[in-house]
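Sequences listed follow chains F and C, in order.
Note that the working numbering has the first sequence beginning at 258, numbered continuously upward.
Note that the working numbering has the second sequence beginning at 278, numbered continuously upward.
In this text, a Cβ means the ideal position worked out from N, Cα and C, and glycines have one as well.
Since the structure is predicted, the reported quantities are computational estimates derived from the model, not experimental observations.
This report refers to the structure that appears directly beneath it.
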Amino acid sequence: GQNIDQPTEMTATEGAIVQINCTYQTSGFNGLFWYQQHAGEAPTFLSYNVLDGLEEKGRFSSFLSRSKGYSYLLLKELQMKDSASYLCAVREMNYGQNFVFGPGTRLSVLP
Amino acid sequence: EPEVTQTPSHQVTQMGQEVILRCVPISNHLYFYWYRQILGQKVEFLVSFYNNEISEKSEIFDDQFSVERPDGSNFTLKIRSTKLEDSAMYFCASTPRDRGQTEAFFGQGTRLTVV
Numbered sequence: 258g259q260n261i262d263q264p265t266e267m268t269a270t271e272g273a274i275v276q277i278n279c280t281y282q283t284s285g286f287n288g289l290f291w292y293q294q295h296a297g298e299a300p301t302f303l304s305y306n307v308l309d310g311l312e313e314k315g316r317f318s319s320f321l322s323r324s325k326g327y328s329y330l331l332l333k334e335l336q337m338k339d340s341a342s343y344l345c346a347v348r349e350m351n352y353g354q355n356f357v358f359g360p361g362t363r364l365s366v367l368p
Numbered sequence: 278e279p280e281v282t283q284t285p286s287h288q289v290t291q292m293g294q295e296v297i298l299r300c301v302p303i304s305n306h307l308y309f310y311w312y313r314q315i316l317g318q319k320v321e322f323l324v325s326f327y328n329n330e331i332s333e334k335s336e337i338f339d340d341q342f343s344v345e346r347p348d349g350s351n352f353t354l355k356i357r358s359t360k361l362e363d364s365a366m367y368f369c370a371s372t373p374r375d376r377g378q379t380e381a382f383f384g385q386g387t388r389l390t391v392v
């Protein structure tokens with residue numbers, strides 16, 4: 258089965274760094290994805306990890322440890338527009354190549 | 278840039294009525310999905326579709342739901358007899374392959390309101 262866990266809410270200050278954690282259990286791991294979702298909008302892709310380690314993409318970085326079933330998304334130099342929900346998703350090889358989403362972390366960036 | 282398109286953007290229907298939600302996935306993609314998101318809740322998987330057939334479906338996708346790819350471009354989700362609890366945002370997504378960086382590309386969603 259699949260189980261993905263994330264903190265429900267986080268708050269940070271403009272210009273700061275925030276780390277959003279995700280833990281998962283899966284039967285057929287085929288990649289971990291981070292999405293950003295603004296209220297009322299579709300999820301938009303941020304980053305992808307399939308091997309252990311850190312992937313950097315501008316202000317956003319994502320880390321994966323497959324042995325620990327753990328990932329994090331790191332957001333640097335926070336801006337007000339980064340206020341959104343951040344969704345951790347695992348692609349399941351044994352489940353129709355489906356993307357299973359965590360509950361999402363609602364990030365509020367304060368001035 | 279290619280994108281997944283969904284119509285309508287918003288649909289209001291009476292309980293018990295049938296609705297069809299339409300999606301045009303990105304043209305060279307092979308895997309298609311329907312997800313739903315009840316207001317304030319997480320994105321939930323409904324069904325995946327590959328090679329013109331359902332490859333997996335969730336417990337939510339019961340007998341009142343069906344999917345079709347009638348003409349090689351459209352991908353539809355039909356709900357036969359809507360219930361109040363079907364009110365949600367429905368997202369269509371597609372991805373080109375099953376390996377490598379193959380993120381799911383999402384449409385803008387159809388907000389379904391059952392009254």
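In chain F, what lies closer than 7 Å to residue i by C-beta?
i      : result
C:S325 : G353, Q354, N355
C:E333 : Y352, G353, N355
Put residue i into one of helix, strand or coil per three-state DSSP.
i      : result
C:L307 : coil
C:E321 : strand
F:K333 : coil
C:L361 : helix
F:K338 : helix
F:K325 : coil
C:L316 : coil
F:V295 : Before going further, note that residue 295 of chain F is His rather than Val in the sequence given. DSSP places F:H295 in coil when its eight states are reduced to three.
C:A381 : coil
C:F338 : coil
C:S350 : coil
C:Q288 : strand
C:V296 : strand
C:V344 : strand
F:N287 : strand
F:N306 : strand
Please report how far the alpha carbon of residue i lies from the alpha carbon of residue j, in whole angstroms.
i      : j      : result
C:V392 : C:T290 : 6 Å
F:N306 : F:K314 : 12 Å
F:M267 : F:I274 : 12 Å
F:N287 : C:T390 : 34 Å
F:F356 : C:E321 : 9 Å
C:S286 : C:G386 : 6 Å
F:R323 : C:E333 : 24 Å
C:D363 : C:R299 : 16 Å
C:E278 : C:I303 : 10 Å
F:F290 : C:Q283 : 23 Å
C:E380 : C:S325 : 14 Å
F:S328 : F:L321 : 4 Å
C:I315 : F:M337 : 26 Å
F:A296 : F:S342 : 8 Å
F:F302 : F:A269 : 22 Å
C:L354 : F:R348 : 22 Å
F:G353 : F:P368 : 43 Å
Please compile the residues from chain C whose C-beta is within a distance smaller than 8 Å of the C-beta of residue i.
i      : result
F:Y281 : The premise fails here: F:Y281 is roughly 13 Å from chain C at the closest Cβ pair, so nothing lies under 8 Å.
F:F290 : E380, A381
Give me the chain F residues within the contact set of residue i, using Cβ-Cβ distance strictly less than 8 Å, ordered along the chain.
i      : result
C:Q288 : The contacting residues do not exist; C:Q288 stays about 15 Å from chain F at best.
C:G386 : E298, A299
Name, please, each residue of chain C whose Cβ falls closer than 7 Å to the Cβ of residue i.
i      : result
F:Y305 : Q378, E380
F:P360 : K319
F:P300 : V320, F383
On the DSSP letters alone, give me the boundaries of the beta strand (DSSP E) that residue i sits inside.
i      : result
F:M267 : 266–270
F:S247 : Nothing about residue 247 of chain F can be read from this structure; chain F reaches only from 258 to 368.
C:V391 : 387–391
F:E312 : 310–314
F:D262 : 260–262
F:N278 : 275–282
C:V281 : It is not in any beta strand (DSSP E) - C:V281 carries neither H nor E in the DSSP assignment.
F:R363 : 362–367
F:Y352 : First-last for F:Y352: undefined, no H or E at that position.
Establish whether the CB of residue i and some CB of chain B are separated by less than 7 Å.
i      : result
F:R348 : Protein chains in the displayed structure are F and C, and chain B is not among them.
Determine the chain C residues that contact residue i at a beta-carbon separation under 9 Å, and present them in chain order.
i      : result
F:L344 : K319, V320
(request) Examine the Cβ distances between the region 259–267 of chain F and the region 357–364 of chain F and report whether three or more of them are shorter than 8 Å. (result) yes
(request) Specify whether the region 293–311 of chain C and the region 369–385 of chain C touch according to this definition: at least 3 beta carbon pairs, one from each stretch, less than 8 Å apart. (result) Touching, per the Cβ criterion.
(message) Three Cβ pairs or more, each shorter than 8 Å: is that satisfied between the region 320–340 of chain F and the region 273–293 of chain F?
(response) yes
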